[in-house]
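Trainee: Using the numbering used here, the letters of the sequence shown correspond one by one to residues 348 to 438.
C-beta atoms are modelled at their ideal positions from N, C-alpha and C, and glycine is treated no differently.
Here's a structure for you.
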Amino acid sequence: MEEYMLPCLNKKILGVECMGCGIQRSIALIFQGEFVAAFQIYPAIYSLITLFLFIGINIFFKFKHSNKIIGALSIITVATIIISYIIKITN
């Protein structure tokens, strides 16, 4: 399956991983049922899935405080992406 994944142009050209590196492999691992490995490769995968699921459900069923929930989920997701990226580049 890895031969069908898109390469990271940032890593290929500059030699530095981007903040999205690992998301494709993480999604592939989720489909294979390897949930812990998916989290280890890309820690923000579950907050991203939660955010997109909530946005998708909110299109059909309107929630009372949906803007606050989406805002909080977005902040959690962005914070997770940034923190995991900083940890990844410092190691």
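Can you check whether the CB of A391 is closer than 9 Å to the CB of I374?
Mentor: Numbered from 1 along the sequence shown, position 27 holds the residue referred to as residue 374. Numbered from 1 along the sequence shown, position 44 holds the residue referred to as residue 391. Going by C-beta atoms, I374 is not nearer than 9 Å to A391.
Trainee: Straight-line CA distance for T397 to S413?
Mentor: The residue given as residue 397 occupies position 50 in the sequence shown. The residue given as residue 413 occupies position 66 in the sequence shown. So the two alpha carbons sit approximately 13 Å from each other.
Trainee: Mapping the DSSP letters down to three states, classify F410 as helix, strand or coil.
Mentor: Start at 1 with the first residue of the sequence shown, and residue 410 comes out as number 63. The answer is coil: DSSP assigns F410 none of H, G, I, E or B.
Trainee: Inspect the CB distances between the stretch 363-372 and the stretch 422-438 and report whether three or more fall short of 8 Å.
Mentor: With the cut-off at 8 Å, the stretch 363-372 and the stretch 422-438 touch.
Trainee: Cβ-heavy atom distance between K415 and the ligand HEM below 8 Å?
Mentor: Within the structure as shown, the ligand HEM is missing, as the structure has no ligands at all.
Trainee: Closest to A419 by CA distance: which of C355, Q387, I360, L395 is it?
Mentor: Here residue 419 is taken as the residue at index 72 of the sequence shown, counted from 1. That would be L395, whose Cα lies nearest to the Cα of A419.
Trainee: Determine the direct distance from the alpha carbon of M352 to that of Q371, and round the result to whole angstroms.
Mentor: As a position in the sequence shown, residue 371 is number 24, starting the count at 1. As a position in the sequence shown, residue 352 is number 5, starting the count at 1. In a straight line, the C-alpha of Q371 is about 7 Å away from that of M352.
Trainee: Have a look at F382 and I423 and give me their C-alpha separation to the nearest angstrom.
Mentor: Looking up residue 382 in the sequence shown gives position 35. Looking up residue 423 in the sequence shown gives position 76. Distance between the alpha carbons of F382 and I423: 19 Å.
Trainee: Is I388 buried or exposed, if buried means 16 or more other CB atoms sit within 10 Å of its CB?
Mentor: To locate residue 388, count along the sequence shown from 1; it is residue 41. Result: buried.
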